[in-house]
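Numbering (our numbering), first residue to last: 1 to 124. What follows is one structure encoded as structure tokens, with my remarks underneath.
Rendered as structure tokens:
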């Protein structure tokens, strides 16, 4: 897996590449003002690349990069849809802790209102 990076304002975006082909992406949105010690993690992966460990590796690399590169960062969080069990498992696998649930906080592509799960990794 290789990555390509770009920055936009205070956000970082990386392409997830397999054999020089972009197959997914991962990004981090840095908090501002009183939230400047936190960042939100977001990611996606093409379905034909699921169950290969690619996203677990990408999330681990992003987590390590974030905490090694940003001394002010204390908390990295991700808020997957409650229906996305695989995403929750990825976060758990790389050390994120479940914090709670945002009830009825998002609408999926089919117009269904869903909860989001809150996972975080805290600098020790």
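Just so it is clear, CB atoms sit at the ideal spot from N, CA and C, and this is done for glycine as well.
Tell whether a beta-carbon distance below 8 Å holds between residue 120 and residue 75. Residue 120 sits at position 120 when you count from the first residue of the chain shown. Residue 75 sits at position 75 when you count from the first residue of the chain shown. Their beta carbons are under 8 Å apart, which means residue 120 touches residue 75 by this criterion.
Just confirm the distance between the C-beta atoms of residue 28 and residue 86, as a whole number of angstroms; I'd bet it's less than 8 Å. As a working note, residue 28 is residue 28 in the chain shown. As a working note, residue 86 is residue 86 in the chain shown. That belief does not hold up - the Cβ atoms of residue 28 and residue 86 are roughly 20 Å apart, past 8 Å.
Kindly give me the distance between the Cβ atoms of residue 39 and residue 45, rounded to whole angstroms, as I take these residues to be in contact under 8 Å. Position 39 of the chain shown, counted from the start, is the residue given in the question as residue 39. Position 45 of the chain shown, counted from the start, is the residue given in the question as residue 45. Their Cβ separation, rounded to whole angstroms, is 20 Å, which puts residue 39 and residue 45 out of contact at 8 Å.
Where residue 63 and residue 109 are concerned, what is the direct C-alpha to C-alpha distance, given to the nearest angstrom? To locate residue 63, count along the chain shown from 1; it is residue 63. To locate residue 109, count along the chain shown from 1; it is residue 109. Near 28 Å, if we compare the C-alpha coordinates of residue 109 and residue 63.
Alpha carbon of residue 100 to alpha carbon of residue 124, nearest angstrom: Indexing the chain shown from 1 puts residue 100 at position 100. Indexing the chain shown from 1 puts residue 124 at position 124. Taking the straight line from one Cα to the other gives about 20 Å.
Let's see if you can read the secondary structure: which residues bound the beta strand (DSSP E) around residue 41? Position 41 of the chain shown, counted from the first residue, corresponds to residue 41. Segment 38-45, the beta strand (DSSP E) holding residue 41.
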